[in-house]
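A.B. asks:
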Amino acid sequence: MLDISVAYNRYKFVGYEFLTWLWYVIEHDPAQLNHVIQENINFTIGNRIMLQNAVHDAVETITIKGDDAGLEEGVLALKKGALVTEIHLRVTEEENEWQLTLKGESLNISNLRLPETGQIENRDDMEGAVLEKFFLYEKIMGWMDAVYVFFIKSRLSLEWNDRIVPQIKKWILQ
Amino acid sequence: MGLLSSNVSITRYQVLGQLADPLMDTLTRLLTQNAIVEIDDEDMDQSAGWTSFDDPFTPDFTGSTFVMGSQFIFSFRMDKKAIPSKVVNKKYRQEMTKRLKESGKEFLSRNEKKQIKEDVIRELSLRIPATPNVYDVLWNYEKNSLWFFSTQKTANEAFEIFFTKSFKLNLVRRFPYTAALESLTNIEEDMLNKLTPSHFME
């Protein structure tokens, strides 16, 4: 195992490729995510996506945000060689919706909103409320972990260069 | 932002190592020993420590109150007194004028000025209450997994240092490399160590 601080910086690109791949899969082949998770979950891109393009020594950052924002500018950035560094996702299971922002370099989850849960009326409700929230946190973490494991296994397989990269390239150039 | 908030941020860690048996006694003792110390009536400007999840302003770890289901749940609290620099400057200048008048001197030495400033800050520290920041911690001891409910750099760094100091256990943050290692075979780990970036547009 590499030194942790060295590994953090060295493998940021894996996180950026993960989010770029995730955008491609959500747009192009969302059923693949259901197959990975083995549940009927719907992933959609939310209202914010951030990309970064390292050109020579300069770093260009492109942010697209807004509920009705089109993602054409993001695709244009991908054409110029950018990768996704941060993405806002909506994840739904039947009537329940989770929202979160996933950061590529750290896999940190921020702005996580869970489906509606019961109100805490008094101190006795606390443990039940915590366990209910925890159940919902575990669900979304489990799904995101499963998707990441599927990605990293694909990323290390021969299929990545032979099939997946050409498919992503084709999607970007469409 | 806490676990029960409507909008949360989470950093995930792997915990390396185990606490001494009996576990509950050890954890209760270490949480209590490292509980937050109130500094409102002290001349300290900051304090950090563990506190209770359900009542962060009255730390109490007796009776296994930090156990919920299969999780340990408690909070990390950081208190800091923010004394506005303009207030320090005002009091400092007032004190200098008073000292010059009393002593009949035209100037104060560098050491005297330094002492006055320290006295002003100490006096203000006693009068200004500390601002608390509370971050929840969810620790699944069986799975060596811990969630810290913040992604703020300063909070995370302070938490990591304090956790290791309190429990003598190391934390490894979950990020693309460490998350990958959780599911890879030895052969795949070697491949990961040699991995280079893909270029989708070349």
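Top to bottom, those sequences are chains A and B. For the first sequence, my numbering assigns the number 16 to the initial residue and increments by one for each residue that follows. For the second sequence, my numbering assigns the number 75 to the initial residue and increments by one for each residue that follows. We put the beta carbon where it would ideally sit given N, CA and C, even for glycine.
1. Is it a yes or a no for the region 152-161 of chain B touching the region 112-130 of chain B, going by three-plus beta-carbon pairs under 8 Å?
2. On the three-state DSSP scale, how would you describe HIS103 of chain A?
3. Report back the beta-carbon spacing between LEU200 of chain B and LYS165 of chain B to the nearest angstrom; my notes put them in contact at under 8 Å.
4. By the DSSP assignment, the beta strand (DSSP E) with TRP175 of chain A in it spans what residues?
5. Note down, in chain order, each residue of its chain lying with its Cβ closer than 7 Å to the Cβ of LEU258 of chain B, except the 5 sequence neighbours on either side.
6. Determine the contact status of PHE131 of chain B and PHE148 of chain B, defining contact as a CB-CB distance below 9 Å.
7. So ASN49 of chain A contacts chain B; which residues on that side make the cut at Cβ distance below 7 Å?
8. Going by Cα to Cα distance, which pick from A:ARG25, A:HIS50, A:GLU32, A:PHE58 is closest to ILE41 of chain A?
9. Which bits of chain A does GLN88 of chain B rub up against, with CB to CB less than 9 Å?
10. Taking all protein chains shown into account, decide if GLY30 of chain A is buried (16 or more other Cβ within 10 angstroms of its Cβ) or exposed.
11. Between LYS118 of chain A and GLU131 of chain A, which are expected to be in contact by the criterion C-beta below 8 Å, what is the C-beta distance as a whole number of angstroms?
12. Which residues in chain B have a C-beta closer than 8 Å to the C-beta of ALA144 of chain A? List them in chain order.
13. Give a yes or no on contact between the region 166-184 of chain A and the region 181-196 of chain B, applying the rule of three or more CB pairs nearer than 8 Å.
14. Within 9 Å (strictly less), CB to CB, does THR78 of chain A reach chain B?
15. Rounded to whole angstroms, how far is the Cβ of ASN81 of chain B from the Cβ of ARG128 of chain A, which I believe are closer than 8 Å?
16. Scan the region 131-181 of chain B and note each continuous beta strand (DSSP E) run of 3 residues or more that stays entirely inside, going in chain order.
17. Sorted by chain position, which residues of the same chain lie with C-beta nearer than 6 Å to LYS31 of chain B's C-beta, five sequence neighbours on each side aside?
18. Under 9 Å between the Cβ atoms of LEU115 of chain A and LEU122 of chain A?
19. Give a yes or no on contact between the region 150-164 of chain A and the region 108-120 of chain B, applying the rule of three or more CB pairs nearer than 8 Å.
20. I'd like to confirm the pairing. Which residues does DSSP put opposite ASN108 of chain B in its beta bridges?
21. Return helix, strand or coil for ILE190 of chain B, following the three-state DSSP convention.
22. Buried or exposed: which applies to PRO133 of chain B, given that a residue is buried once 16 or more other Cβ atoms fall within 10 Å of its Cβ?
23. Can you check which of these residues, A:LEU86, A:ALA73, A:VAL162, A:ILE77, is closest to GLY61 of chain A by C-alpha distance?
24. Identify which residue in A:PHE28, A:GLN189, A:ILE56 has its Cα closest to the Cα of ASN111 of chain A.
25. Taking the runs of the beta strand (DSSP E) that are 3 residues or longer, which of them lie wholly in the region 214-262 of chain B?
26. Among B:ILE202, B:PHE222, B:TYR215, B:SER79, whose alpha-carbon lies nearest the alpha-carbon of GLY143 of chain B?
27. Excluding five sequence neighbours on each side, which residues of the same chain lie with their C-beta closer than 8 Å to the C-beta of MET170 of chain B?
28. If I'm right that GLU108 of chain A touches GLU54 of chain A with Cβ under 8 Å, what's the distance once you round it to whole angstroms?
29. Within a Cβ cutoff of 8 Å, which residues of the same chain sit near ALA94 of chain B, ignoring the five residues on either side of it in sequence?
30. Counting only runs that start and end within the region 75-135 of chain A, where is the beta strand (DSSP E) found for 3 or more residues in a row?
31. What residues are listed by DSSP as bridge partners for ALA73 of chain A?
32. Kindly indicate which residue of A:PHE166, A:PRO181, A:TRP186 has the alpha-carbon position closest to the one of PHE33 of chain A.
33. Quick one: does LEU130 of chain B have its CB under 9 Å from some CB of chain A?
34. Along chain A, in chain order, which residues have C-beta atoms closer than 9 Å to that of GLN92 of chain B?
35. Please check the pair PHE150 of chain B and PHE241 of chain B, which I expect to be a contact at CB under 8 Å, by giving their CB distance rounded to whole angstroms.
36. Could you name each continuous beta strand (DSSP E) segment of 3 residues or more that falls completely within the region 79-106 of chain B, going from the start of the chain to the end?
C.D. replies: In short, the structure shows the following:
1. yes
2. strand
3. Their Cβ separation, rounded to whole angstroms, is 13 Å, which puts LEU200 of chain B and LYS165 of chain B out of contact at 8 Å.
4. It is not in any beta strand (DSSP E) - TRP175 of chain A carries neither H nor E in the DSSP assignment.
5. LEU266
6. no
7. In chain order: nothing, as chain B lies at least about 20 Å away.
8. A:PHE58
9. Residues of chain A passing the Cβ test: none, with the nearest at roughly 11 Å.
10. buried
11. Going by Cβ atoms, the distance from LYS118 of chain A to GLU131 of chain A rounds to 25 Å, so no, they are not a contact pair.
12. LEU78
13. no
14. no
15. 6 Å
16. 145-154
17. Here chain B comprises residues numbered 75 to 276, so residue 31 of chain B is not present and cannot be evaluated.
18. no
19. no
20. According to DSSP, which records beta bridges pairwise, ASN108 of chain B is partnered with nothing at all.
21. helix
22. buried
23. A:LEU86
24. A:ILE56
25. 219-222, 244-247
26. B:TYR215
27. LEU182, LYS187, ILE190
28. 7 Å
29. THR100
30. 98-108, 111-118, 124-128
31. A:VAL70
32. A:PHE166
33. Position check: residue 130 of chain B holds Pro in this sequence, whereas Leu was assumed. So, not an interface residue.
34. Within chain A, no residue comes near GLN92 of chain B; the closest Cβ sits about 19 Å away, beyond 9 Å.
35. Not really, about 12 Å apart at Cβ, beyond 8 Å.
36. 82-90
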